[in-house]
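Residue numbers (my numbering): 24 to 95. Reviewing the structure listed below.
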């Protein structure tokens with residue numbers, strides 16, 4: 024899992040959601056570095072913890088605050 028505490032939420036973009044053997048996975052890209060991460064609940068991306076992956080959105084948590092990413 025990718026760990027970087029320096030990314031603001033605006034730099035993360037939900038690119039898609041796929042169904043895999045272990046359930047739904049989010050495809051999250053970073054606007055600044057063009058990195059792409061495949062992650063699921065409990066994993067960390069850019070200092071955020073993925074709390075849930077749903078069919079149309081991903082919920083992330085950081086410092087007790089919940090953020091929502093949707094496919095654009």
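Glycine included, every Cβ here is placed at the ideal spot set by N, Cα and C.
Span separating the alpha-carbon of residue i from that of residue j
i, j, result
"residue 60", "residue 40", "11 Å"
"residue 92", "residue 67", "14 Å"
"residue 83", "residue 53", "14 Å"
"residue 25", "residue 78", "Summary for residue 25: the model assigns pLDDT 48, below 50, so the residue's position carries little reliability; its value from the coordinates is reported in the next sentence. One C-alpha to the other measures close to 22 Å."
"residue 30", "residue 42", "26 Å"
"residue 45", "residue 33", "28 Å"
"residue 80", "residue 71", "15 Å"
Start-to-end residues for the beta strand (DSSP E) that takes in residue i
i, result
"residue 83", "80-85"
"residue 94", "Looking at the DSSP string, residue 94 is not in any beta strand (DSSP E), and its letter there is neither H nor E."
C-beta contact flag for residue i and residue j at 8 Å
i, j, result
"residue 69", "residue 35", "yes"
"residue 73", "residue 63", "yes"
| message | Within 8 Å, do at least three Cβ pairs link the stretch 84-91 to the stretch 46-57? | response | no
| query | Whole beta strand (DSSP E) runs in the stretch 27-62 with 3 or more residues, listed along the chain? | reply | 35-43, 46-53, 59-62
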